[in-house]
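Position 151 of the sequence shown, counting from 1, maps to 151 under full-length UniProt numbering, and the rest follow consecutively. Don't be surprised by glycine CBs; every beta carbon is placed ideally from N, CA and C. As the structure is a prediction and not an experimental result, all values here were calculated from the model. What follows is a short report on a single structure.
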Amino acid sequence: MIAVARFTPAIEITDAADPRIAEFTGIRERDLTGRHGQFIAEGTVVISMLAKAHRAGGAVSAEKLLILKNRQAGLEEILAQFPEDIPVYIAEAAVLDAIAGFHLHRGVLALGSRRSPPSPETLIGGLGAQSLVLVGCGISNHDNVGSLFRNAAGFRADAVLLDETCCDPLYRKALRVSVGSVLTTPYARAGSADGLLRTLAEQNFEIWALSPAGTIEIGDIEPARRVALVMGTEGEGLPASILSRFKSARIAQAPDLDSLNVGTASGIALHAISRAMGRLA
């Protein structure tokens with residue numbers, strides 16, 4: 001692809017306290033307190049995914065970009081993917097680090113916002129007759145949430161559902177681990193795990209709870225047309241109330257290992273079910 005330079009010039013920032021880039025200040029601390037629908041995307045891959053999602057007019061939109069001055073020339077192709085009304089700010093390394101509050105290795109940031117998210121009921125109700133959904137219960141580690149979304153996108157799941165105890169997938173690290181898949185994968189984060197699974201059951205989803213003590217090996221499942229795979233947090237796993245109510249599946253592994261990382265387990269399970277549903281070549 002031939003890079004096309006933006007007609008609107010970038011705006012240089014020389015003062016870390018410039019109010020035009022206030023949303024980028026103290027990134028780590030503000031990540032911990034939440035951004036009320038806004039988020040920070042970091043790195044070229046995630047920024048490209050944000051541009052794609054913005055152009056598609058989906059659940060997220062871009063508001064502004066902040067990049068390292070000496071990276072501007074090499075990023076013209078990515079910057080050209082954004083509409084010209086999205087401002088691009090540039091800064092020298094010392095100023096950028098002062099804004100972020102730490103040394104920013106990648107030197108590429110964007111501020112985005114999520115439009116009103118759908119309720120789980122609305123999202124589930126809009127899925128097709130053949131659907132695959134990944135459900136996270138109590139996933140509090142941002143790396144693991146990012147992995148769930150990356151696997152969901154890679155193995156063609158239609159949506160991700162997270163209960164209210166899961167961490168926010170728009171957290172900067174979760175976004176980065178997902179390689180931007182959070183921005184393009186339909187998802188809802190609300191309510192209890194029991195409520196989510198009840199809604200899925202009412203919509204004729206076959207629900208499989210993943211556990212090392214599952215009753216059937218994941219590769220032996222003959223899936224229905226609508227399937228939900230349920231992942232619990234590492235350590236405790238899924239609560240007994242869920243494992244006793246729904247079908248359970250396991251992933252064969254060495255007997256002396258307690259369990260697999262939830263990111264790894266979700267990838268294996270999604271691959272097996274998606275392939276059995278004819279979604280993968």
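Separation of LEU162 and ASN70 (C-alpha to C-alpha, rounded to the nearest whole angstrom) is 39 Å. Taking 4 residues as the shortest admissible run, the UniProt domain "tRNA/rRNA methyltransferase SpoU type" (132-271) contains the following complete alpha helix (DSSP H) segments, listed from N- to C-terminal end: 142-154, 172-177, 193-202, 240-245. The three-state secondary structure of GLY43, taken from DSSP, is coil. Shown here, LEU66 sits in a strand according to DSSP, grouped into three states. The beta carbon of SER248 lies closer than 6 Å to those of ALA209, SER211, GLY214, THR215 in the same chain, with the five residues before and after it left out. Distances from the CA of MET231 to each of ALA224, GLU222, GLY219, ARG250 were compared; the closest alpha carbon is that of ARG250.
GLU76 is classed as exposed because its beta carbon has fewer than 16 other beta carbons within 10 Å across all chains shown. Taking the C-beta atoms as reference points, VAL45 is found no nearer than 7 Å to LEU65. For a cut-off of 8 Å, the C-beta gap from ILE99 to GLN72 is around 16 Å, too long to register as a contact. Between SER48 and ILE27, the C-beta gap is not smaller than 7 Å, which leaves the two residues out of contact.
Around the Cβ of SER116, a 10 Å sphere holds fewer than 16 other Cβ atoms; the residue is exposed. In this structure, the alpha-carbon of PHE246 lies about 17 Å from that of SER266. By alpha-carbon distance to ARG226, the top candidate from GLY126, GLY180, GLU84, SER192 is GLY126. Look at GLY74 here: in three-state DSSP terms it is helix. The beta carbon of ALA153 sits closer than 6 Å to the beta carbons of SER181, THR185 from its chain, once the five residues preceding and following it are set aside; these are given in chain order.
PRO255 has its alpha-carbon roughly 45 Å from the corresponding atom of SER113. Beyond the five residues adjoining it in sequence on each side, GLY219 comes within less than 6 Å, by CB distance, of ALA272 in the same chain, given in chain order.
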